[in-house]
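Residue numbers (the numbering used here), protein chains in the order written: chain A, 1 to 229; chain B, 230 to 458. Built from N, CA and C at the ideal position, the CB exists for glycine as well. Note that this is a predicted model, so its numbers are computed, not measured.
Number of protein chains: 2
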Amino acid sequence: MSPFFEPVITSSDKIFTALRADIVAGHVKAGVKLSEAELSTKYGVSRAVIREAINRLANTSLVERKPNIGARVVTLSHEGLVQLYQVREALEGMAARLAATNMSDAEIQDLHALMRSHSQEVKGGETYYQEAGDVDFHYRVVLGSHNQPLISMLTNNIYHLVRMYRVQLGMAGPRVTTAFAEHQQIVQAITNRDGELAEILMRRHILYSKNNIEAKLNRSAATNTEEIK
Amino acid sequence: MSPFFEPVITSSDKIFTALRADIVAGHVKAGVKLSEAELSTKYGVSRAVIREAINRLANTSLVERKPNIGARVVTLSHEGLVQLYQVREALEGMAARLAATNMSDAEIQDLHALMRSHSQEVKGGETYYQEAGDVDFHYRVVLGSHNQPLISMLTNNIYHLVRMYRVQLGMAGPRVTTAFAEHQQIVQAITNRDGELAEILMRRHILYSKNNIEAKLNRSAATNTEEIK
DNA sequence: ATGGCCTATATTGTCGACAATATTTAAAGG
DNA sequence: CCTTTAAATATTGTCGACAATATAGGCCAT
C-alpha cells in the first residue's frame, strides 16, 4: 500500500551501522580490539549478530580480522591514504565520465537542485556541507554512472574509509567553498554530456582533496611524534 | 618450526571455497536459492557456518541476499558483463601501470619465470593455461601494484565474477596463444618500467577478452531464445 | 634472574534450539 | 472459477551453550 520502499532492518544492520559510525568518528580508536563478548553485552544482543556485524566491517576494510584471534580497528597511515585516493581517483573519475553519458535528464535536474541547496548552506557557513553534502554529491554522481559493480565498490568499500580519514582529521577548513565551486564545474560538464571533461575535473577535485588531507595528516603526525618525545 | 606460512582454515573458509567453486563452474545454476538448512545437511556443518559462507559469497557479488528471504545465485547478463569489464579495464590497467613502477626486480624476475613456464604449456596445447595460468598472470600483476585497496577489490570481488563468465561460457578457444603473446608484451613493458605502455596494453588485452566473451555470450543467448521458441 | 614449558584463563568457532518473518496451502466468499 | 483471507508450513534471524584455539600467568631448569 505504501508507495515508499521500506528497507528491512535486521539487528546486524543496526549494530553494523552503529559500530561503523563509531569507528569512522574515531570513537573507537585505531588498533583497538573488538571483543565479541564485550560488544554483545554492551549492545544487548547475541554474539551471533555482533559477529555478523564485525564480518561486514571487515569487508568494508574498517577492521582487520584474523581467524581465531579477533578483529581490530584499522590504523590510518600516510601510505594507506595515498593508496586509497589513488584508487578513488580512478574509480570516481570513471564514474563522472559514465555519469555524463548515462544519467537521465531527470537525474541531472535533481543534481542541479542539490547544488542549489548546497549553495544556500555554503553561504550560510554551515559545517553540514563537508559532513554530508559532499558525500551526497559524490554519491549522486556515482549512482549516475549506472554501473553496478562500480557503485558497489565505491559506496561499500571506499567511501567510509575516506570519511574516516576526513572525520578523524577534522576536515572542515577553508576548502569548503572552493570544493563547492569544483562540484559545480563537474555538474556543468555532466550537463553538457562532456564525459571526458567530467572525468578530468573529478580526478583533479579528488587530487586536491587528497593534498588537503595529506597536509593535515603530516602536521598531526609531526605533533604526535613530538608528543612521544 | 615450519618456515612456511600456514594459513588458518576455518570451517566457513572451506564451505565458502566449495560453494564458490560450484557457483563459478555453474554447478549451482543462476537464480537458484541457497537454502541454509539444505546446505547445512549437505555439508554436515551447522547453519551458522553456512550463513557466514553465504554472507561472504554475497560480498563477492556471486549471490544476492535479501533479509528474511534468502540468497540466490547471481544471473549472468550481457549488461553485467559490460559493466564488470568496464571496471576491470580501469582497475587492472591501473594495476599494470603501478606494477611497472612498484614491482621489485625480484618480482619481475619471477614474472619472467612464470611466462617461461606458461610458454611450455601453450606449446604443449594444454588447457590449463586458460584455467589457472591466465588468472595467475593477472594475479601477479595486480599484486605487483603494491596497492592494497586495489589488490583487495580485484582479487575479492572482480576475479571470481570474471572467472564465472569465462568458465560457464566454456572459454578455451583459439585466443589462448594470442592472449599469451599479449601477456608477454605487458611483461616487457613492466620490465622496461614503462607504466604508461603497460596500462595501455593491459586495457587493450582486457578489451579483447571482453569482445571474445561477448561474442560467445551473444551466440549462446541466440540459441537459448530459439530453444524457448 | 631469565628463558622456556606447561597449566589456567579468556576468546573465537561451532552447534542445536527457539523466535520472527516469509511462503505455501486451504478454505471461504463472490 | 477466480480472488481474498487465514491457517499451516517452511525459512531466516537470534540466542545461549559447548568445543577448539589462542593468550596469560606461573613453575621449573639453567
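- Judged by their CB atoms, A:Val45 and A:Ile23 are not nearer to each other than the 8 angstroms cut-off.
- Proximity of chain A to B:Val316 at the Cβ level (cut-off 9 angstroms) is accounted for by Leu91, Met94, Asn147, Pro149, Leu150 and Met153, in chain order.
- Around the Cβ of B:Val261, a 10 Å sphere holds fewer than 16 other Cβ atoms; the residue is exposed.
- The beta-bridge partner set that DSSP reports for A:Ala71 consists of A:Leu34 and A:Arg65.
- If you draw a 10 Å sphere on the C-beta of B:Pro378, you find 16 or more other C-beta atoms in it, and that means buried.
- In this structure, the beta-carbon distance from B:Met382 to A:Asn156 does not fall below 8 angstroms.
- Membership of B:Ser381 in the alpha helix (DSSP H) is indicated by the continuous run Gln377 to Ser381.
- Under the 8 angstroms criterion on CB atoms, B:Asn440 is classed as non-interfacial with respect to chain A.
- Proximity to B:Tyr368 across B:Glu336, B:Ser348 and B:Gly399 peaks at B:Glu336, based on C-alpha coordinates.
- A distance of 8 angstroms or more separates the beta carbons of A:Asn211 and A:Ser145.
- Taking the Cα positions, A:Gly93 is about 14 angstroms away from B:Arg317.
- Each residue's CA atom was taken as its position, placing B:Ala324 and A:Lys42 some 42 angstroms apart.
- Cβ neighbours of A:Arg51 within its own chain (closer than 7 angstroms, five residues either side excluded): Glu36.
- Out of A:His78, A:Thr191, A:Gln184 and A:Gly195, the CA that lies nearest to the CA of A:Ser119 is found in A:Gln184.
- The shortest CA-to-CA distance from B:Glu425 to any of B:Ala277, B:His307, B:Ser269 and B:Leu327 is the one to B:Leu327.
- In the three-state reduction of the DSSP assignment, B:Asp423 falls in the coil class, being assigned neither a helical nor a strand state.
- Proximity of the region 74-85 of chain A to the region 202-221 of chain A meets the contact definition, three or more beta-carbon pairs being nearer than 8 angstroms.
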